[in-house]
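As structure tokens, the structure follows; a few thoughts come after it.
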Amino acid sequence: MVLEKKSALLEDLIKKCGGCAVVDGGFATQLEIHGAAINDPLWSAVSLIKNPELIKRVHMEYLEAGADIVVTSSYQATIPGFLSRGLSIEESESLLQKSVELAVEARDRFWEKVSKVSGHSYNRALVAASIGSYGAYLADGSEYSGHYGENVSLDKLKDFHRRRLQVLVEAGPDLLAFETIPNKLEAQACVELLEEEKVQIPAWICFTSVDGEKAPSGESFEECLEPLNKSNNIYAVGINCAPPQFIENLIRKFAKLTKKAIVVYPNSGEVWDGKAKQWLVCNVTVLLNMILLH
């Protein structure tokens, strides 16, 4: 019942937006614009340690720009990642909780301000807790290859995600956003984990793609979406961090493969070089980040 109510909250928001809600933009990019140094294995999550107020500022900027959904700064925030920086388990879990708290505080402060303005055009935004892929934690570019190695099993992926999921759920976001998933195995792990933990928060799972046709692992999206389509926990499926020129075709492809809502938030068209740890620039037009009813 709780899951149904929270899913209805998202569905109502999308309908209120005319069938297409706006997701916020590139978080790390905006942090860098403000001078944050994020060339770090923790990427944007390093700001949770160094400058949490800047994270809240970026959330506010996206809310002011009209975002209907804001995504937390926890994409690269993992307990093993924080432990490798010398933090304790308690400190690591506290930072995960803070990622949600900062987004909720920004959302609530912004809504309190604009709701007093007659005739405003904003919606009360929802907060989606970001859960980056196992490849994102490895920081070796494997979220763009889907090749985790023979030793990475379904159970290992569930164990990797489990405690982070528990902490983020306890922090009380409106949504869960599994991002840059590169293969069916990790998608299956996410679905099973949501069921095992009896999570009552709707989730979306976004794959990435390097060719605009299939997942980085080489598996078809028909294969990858199979376990997601059977899950009541998954409200939306889609694509993130893929070149914008792929998006229209992928939306059409997904529309034939699922009855779930579709969420897309491409990158700017750059290609990630996992060895050099940098984006290779391409000249393309950026599309709007959005989630739409299907």
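For the sequence shown, position 236 (counting from the first letter as 1) is numbered 236 according to UniProt numbering, and the numbering increases by one without interruption. Every residue gets a Cβ at the ideal spot worked out from N, C-alpha and C, and that includes glycine. Quantities reported herein were computed from a predicted structural model and do not represent experimental measurements.
Check                                                                                                                  : Outcome
Reference alanine 129, options Val114, Gln97 and Lys259, closest by Cα                                                 : Gln97
Proximity of alanine 187 and proline 227 at Cβ, strictly below 8 Å                                                     : yes
Nearest to asparagine 233 (by Cα), restricted to the options Cys241, Leu257, Ile205 and Gly218                         : Ile205
Span separating the alpha-carbon of glutamate 93 from that of isoleucine 262                                           : 30 Å
Within 8 Å, strictly: CB atoms of serine 209 and phenylalanine 254                                                     : no
Isoleucine 131 Cβ short of 7 Å to the ligand HEM heavy atom set                                                        : The ligand content of the structure shown is nil, which means the ligand HEM is not present either.
Sequence-distant residues of the same chain with beta carbon closer than 7 Å to serine 220, five excluded per side     : Lys214
Per DSSP, cross-strand counterpart(s) of glutamate 179                                                                 : Gly132
Own chain, CB closer than 6 Å to proline 266, minus 5 neighbours either side, in chain order                           : Ala242, Pro244, Ile247 and Leu287
Straight-line Cα distance separating aspartate 159 from asparagine 51                                                  : 29 Å
Cα-Cα separation between valine 199 and glutamate 11, rounded to whole angstroms                                       : 18 Å
Selection from Asp211, Phe110 and Val127 that minimises the alpha carbon distance to serine 121                        : Phe110
The region 72-92 / the region 39-51 touching (three or more Cβ pairs under 8 Å)                                        : yes
Same chain only: Cβ atoms within 7 Å of leucine 31, ignoring 5 sequence neighbours per side                            : Ile38, Ser44, Ser47, Leu54 and Val58
Beta bridge counterpart(s) of isoleucine 262 as assigned by DSSP                                                       : Val237 and Leu292
Residues that DSSP places opposite leucine 126 in a beta bridge                                                        : Ile69
Backbone secondary structure at alanine 21 - three-state DSSP                                                          : strand
Reduced DSSP secondary structure (H/G/I, E/B, other) of leucine 9                                                      : helix
Cα-Cα separation, isoleucine 251 to alanine 177                                                                        : 18 Å
Continuous alpha helix (DSSP H) stretch holding phenylalanine 82: start and end                                        : 79-83
Given alanine 139 as reference, the closest of Lys256, Thr180 and Gly86 once Cα atoms are compared                     : Thr180
Start and end residues, beta strand (DSSP E) containing isoleucine 201                                                 : Run containing isoleucine 201: none; DSSP gives neither H nor E here.
Where the alpha helix (DSSP H) through alanine 37 begins and ends                                                      : Alanine 37 -> no alpha helix (DSSP H), and no H or E assigned at all.
Cβ-based neighbour list, serine 7, same chain, cut-off 6 Å, excluding 5 preceding and 5 following                      : Pro202 and Tyr235
Boundaries of the alpha helix (DSSP H) in which valine 104 is found, first to last residue                             : 89-114
Close-in-space but distant-in-sequence residues of the same chain around valine 284 (CB under 8 Å, 5 per side omitted) : For valine 284, the pLDDT reaches just 37, beneath the cut-off of 50, and the residue's location in the model is therefore unreliable, leaving the point undetermined.
Endpoints, alpha helix (DSSP H) assigned at serine 47                                                                  : 46-50
Own chain partners of leucine 157 with C-beta closer than 7 Å, once the 5 adjacent residues on each side are dropped   : Tyr134, Leu185, Glu186 and Ala189
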